[in-house]
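What follows is one structure encoded as structure tokens, with my remarks underneath.
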Amino acid sequence: EFGNALHIDANNDFARQRLNEALDRAGPQTHPYARLIDESDEIRLIPRDNLQSFHFRGDSRQLLTQIAGAYGITVTLDDSVVTRKVRFDVDEVGFYVAMQLAGAVTKTFWAPLQEKQILVATDSTENHRLYDRMGLRTFYVPDASSQQEMQDLSNVLRTVFEIKFVSSDVAKSTLTVRAPQNVLNPVSQFLESLGSSHPEVMLDIRVFEVSRTVIQNFGLQIPNQFNLYNIPIGALGLTLAGGQSIQDLINQLIASGGINQANSTSIAALLAQLTGGNNSIFKQPLATFGGGKTLFGVSLGTLGATLSRNESQLRSLQHVTIRASQGKDATMNLGSRYPIINASFAPIFNTAAISQVIGNNSFVAPVPSFTYEDLGITLKVKPVVHGESDVSMNLELKVRSLTGASANGVPVIGNREYTGSINVRDEQPAVVAGEITTTEQRSLSGIPGIGQFPVLSRATAMHNNENDSDEMLIVVTPHIIRMAENQESEIWMTGVK
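When we follow my numbering, the leftmost residue of the sequence shown carries the number 802, and every step to the right adds one.
Structure (structure tokens):
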């Protein structure tokens, strides 16, 4: 409603405010990428939380003492700290920044001793080994669910923060870090700044398919074979007599002794001959020849004309929507599983006939073995969001269906498969695959010689034409529904906070 109000009046501040509030309430609850769940006892320094300015000329040891004292911290100087003349000018800085700058000028570092006391020593490998206080922290990382993700995160900590001791537990989604205290806090800040979750993409995939089949049959069906049969002399009069009914023919045969009136089987056989059996002596022949003891008749098949057109169309739209997280595979199967018999098992020493002869009912019907094939749409995708509007994805799409044909009793499955990588913009449809198939089948049935002439073939032959066309189009539209949270631009490694 608020969106419609803004569409009518773009200057409606009340509707804009209420719409923003509704969107904020509907937004997903976020959580930090990593959460601290355990840590060893550590000394936490508590300096004054104020900003100071320094303009110093003099001894380096005195500079360190003066800076720490300005924030309420006392300094214990190690014997390795040498005296040197320094100049130090800085305005409006906190304790950690001031001590880091002073350490760079005096070539020293510091380590906490108590909440209000620090030790300052010369910056050397030996002194770091002696005075750096090591801490142990365990972080819970729910979004790193694989060994590779944990390994990548550990490598980042080793490279960026120069941490030697990092251990991961994929089963518990935990990361344990052992490092100096002045490094652990920046590590915690870094892990929390990675964001609550990966970007997510909603993929809208549409598969358009149009099939059309046209079958045309037209022409004359001229008889191309003849039947030759023997006509008994006694039946010639019956055969050549016109205008007689079936009952008259039966009465004449009974009167002449051709069949027995009491024999119903003979009468039934005669009726079968009279009602349409080919090569029948009662079928009017086209021509006869002979005339001696034998007489033959010649008959032709039927003459027909065909004029037909059959047309079928199929329009199919398969719409798939899948939500995937960045860098992770998402798979979906939409369709059915079709059983196909690939083998059958039965005893070779016994059959149904043998079991019936033996009489022991020991025959066991063959046991079939099935293989299930996935029909429909199978989709596998891995998206990656670049910037704010570009999406690249690895896409595997399979469209499988029954074709209606079979080979040796096994159904033939039509398969269309696409595998590739594409890069498209947010909300922009992209055609990733297309197919056009056209099949033409033409057959002609007629008399040899005559059917080969173009004009005569139209009048004396049977024509069968079949045209099949199939078109398919796959369109993918990505929708970015969650972006990566903004990360902090810098992290100060200035000590323990």
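Just so it is clear, CB atoms sit at the ideal spot from N, CA and C, and this is done for glycine as well.
Local Cβ density within 10 Å of residue i, reported as buried at 16 or more and exposed below that
i, result
"Glu1218", "exposed"
"Thr975", "buried"
"Ile874", "buried"
"Met900", "buried"
"Asn1216", "exposed"
"Ala1106", "exposed"
"Thr960", "exposed"
"Ala1144", "exposed"
"Tyr1173", "exposed"
"Met951", "buried"
"Ile919", "buried"
"Val1008", "buried"
heavy atom of the ligand GDP below 6 Å from residue i C-beta
i, result
"Phe1097", "Inclusion of the ligand GDP in the displayed structure is not the case, the ligand content being empty and no account of it being possible."
Extent of the continuous beta strand (DSSP E) run through residue i
i, result
"Ser1244", "Ala1231 to Ser1246"
"Gln745", "Since the first and last residues shown for the chain are 802 and 1298, residue 745 lies out of range."
"Ala912", "Thr909 to Gln915"
"Ser888", "According to the sequence shown, residue 888 is Arg rather than Ser. Note, Arg888: beta strand (DSSP E), Lys886 to Val894."
"Glu1218", "Val1211 to Arg1226"
"Thr875", "Thr875 to Leu878"
DSSP-derived helix/strand/coil call for residue i
i, result
"Arg849", "coil"
"Pro987", "helix"
"Ile1178", "strand"
"Thr923", "strand"
"Asp825", "Bear in mind that the predicted position of Asp825 carries a pLDDT of just 46, short of 50, making it unreliable; the figure below should be weighed with that in mind. Looking at Asp825 - three-state DSSP - the assignment turns out to be helix."
"Val1277", "strand"
"Asn1052", "helix"
"Gly904", "helix"
"Ala899", "helix"
"Thr1261", "helix"
"Glu1189", "coil"
"Gly1098", "strand"
Where the alpha helix (DSSP H) containing residue i begins and where it ends
i, result
"Asp953", "Gln948 to Val961"
"Ser861", "Ser861 to Ala871"
Close Cβ partners of residue i (< 8 Å) along its chain, the five nearest in sequence each way excluded
i, result
"Val1186", "Pro1000, Val1002, Gln1127, Val1192, Ile1281, Met1284 and Ala1285"
"Ala903", "Leu864, Leu865, Ile868, Phe889 and Thr909"
"Arg1138", "Tyr1173, Glu1174, Asp1175 and Leu1176"
"Glu1112", "Arg1013, Thr1014, Val1015 and Ile1016"
Beta-ladder partner(s) of residue i, from DSSP
i, result
"His1120", "Arg1007"
"Pro1255", "Paired residues: none, contrary to the question."
"Arg979", "Leu937 and Phe966"
"Pro1140", "Tyr1173"
"Ser1012", "Leu1115 and Asp1271"
"Leu992", "DSSP lists no partner for Leu992."
"Leu931", "BP columns for Leu931 are empty, so no partner."
"Ser1109", "Asn1018"
"Pro1000", "None, per the DSSP bridge assignment."
Proximal residues to residue i (C-beta, below 7 Å), its chain only, five neighbours per side dropped
i, result
"Ser881", "Ala922, Thr923 and Asn928"
"Ser763", "Any property of residue 763 remains undetermined from this structure, which presents the chain solely from 802 to 1298."
"Ser1117", "Glu1010"
Neighbour flag for residue i against chain C, beta carbons, 7 Å
i, result
"Phe966", "The structure shown contains no chain C; it holds only a single protein chain."
Beta-carbon contacts of residue i that lie in its chain and below 6 Å, excluding the five residues immediately before and after
i, result
"Arg888", "Arg858"
"Glu1272", "Val1011 and Ile1237"
"Thr1278", "Asp1005 and Pro1230"
"Gly1102", "Pro1024"
"Ala1042", "At Ala1042, the pLDDT of 48 sits below 50, so the modelled position is not reliable and the matter cannot be decided from this model."
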